[in-house]
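Colleague: Can you read through this structure? Questions will come right after.
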Amino acid sequence: MVGPEKVLEFWLDHVGPAGWYLADDAVDAEIREKFMSTWEAARDGGLSMWLTYPSGTLAYLIVTDQFSRNMFRNDDGRAFSMDAVANAAAKRAICKGWDMKIDAPARQFFYLPLMHSENLCDQDRCIRLLVERMPQQGGNNLLHAQAHREVIRQFGRFPYRNAALSREDTRSEVAYAQAGSYGHTLRQIQTKQAA
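Set out below in structure tokens:
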């Protein structure tokens, strides 16, 4: 297990903004190698001290919300297994104003657990926070937040998680997948904004 400083150094400096949202097998493997035991400690409730200060909470959110998605990419339910704890930790930190103690672009990791939530109120709140607290840097994140919210408005869940979570697809979700899934939603929003 590593400490929060190592998590932040790796994610913020080594991977950096250019690599945060790329599907890169080498980065995913490196995260598994370096941080699996840290993720397991978080899963087992062993990182509670990280949640007592802003940068520790940021590291905790990266481990539980971001590393989960990297380590268990491609139809593995563990990718979403820490979403509830990441969501709760993010909300506590935001209420304390700790997100504002972290410079952008790293501040976005306080809001992504809300974007990843299958709850419409969380989706709305994510958009408000990006607009209010990251107005200069939130552009691409705001677009994705709007797309995530639209998916939740339409289905009440993210259909592209169904296989990983052993959920049955509805007819409308099958049609959505055939139409292009999330990419289709993203293009629709971009078209509306350009009009």
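For the sequence shown, the working numbering assigns the number 237 to the initial residue and increments by one for each residue that follows. Virtual Cβ for every residue (Gly too), placed ideally from N, Cα, C.
Using 8 Å for Cβ pairs, my map puts ALA342 next to LEU294. What's the rounded Cβ distance?
Modeller: 6 Å
Colleague: Can you say whether MET351 is buried or exposed, counting buried as having 16 or more other CB atoms within 10 angstroms of its CB?
Modeller: Under a 10 Å Cβ-count criterion, MET351 is classified as buried, with 16 or more other Cβ atoms of the shown protein chains found around its own Cβ.
Colleague: Between PRO240 and GLY292, how many whole angstroms is the CB-CB distance? I'm expecting something under 8 Å.
Modeller: Contact flag correct, Cβ pair sits at about 5 Å.
Colleague: With DSSP collapsed to three states, give me the class of LYS337.
Modeller: Three-state DSSP puts LYS337 in a helix.
Colleague: How long is the line joining the alpha carbons of LYS337 and ALA326, rounded to whole angstroms?
Modeller: 13 Å
Colleague: Rounded to whole angstroms, what is the Cα-Cα separation between PRO349 and ARG423?
Modeller: 23 Å
Colleague: Are the Cβ atoms of ASN323 and ASP358 separated by less than 8 Å?
Modeller: yes
Colleague: Tell me the DSSP secondary structure of GLY292 in three-state form.
Modeller: In the three-state scheme derived from DSSP, where H, G and I count as helix and E and B as strand, GLY292 is classed as helix.
Colleague: Would you kindly check if the distance between the Cβ of ALA278 and the Cβ of THR300 is under 8 Å?
Modeller: yes
Colleague: Which term fits CYS331, buried or exposed, when burial requires 16 or more other beta carbons within 10 angstroms of its beta carbon?
Modeller: Exposed, since its Cβ has fewer than 16 Cβ neighbours within 10 Å.
Colleague: Once DSSP output is grouped into helix, strand and coil, what is the label at ASP312?
Modeller: The three-state secondary structure of ASP312, taken from DSSP, is coil.
Colleague: Taking the alpha carbon of ARG361 as the point to measure from, which residue in GLU386, ALA399, GLU276 and TYR347 has its own alpha carbon closest?
Modeller: ARG361 has its Cα closest to that of TYR347, out of GLU386, ALA399, GLU276 and TYR347.
Colleague: Pop quiz: ALA383 and THR427 are said to be a contact at Cβ under 8 Å. What is the actual Cβ separation, rounded to whole angstroms?
Modeller: Their Cβ separation, rounded to whole angstroms, is 12 Å, which puts ALA383 and THR427 out of contact at 8 Å.
Colleague: Put SER284 into one of helix, strand or coil per three-state DSSP.
Modeller: helix
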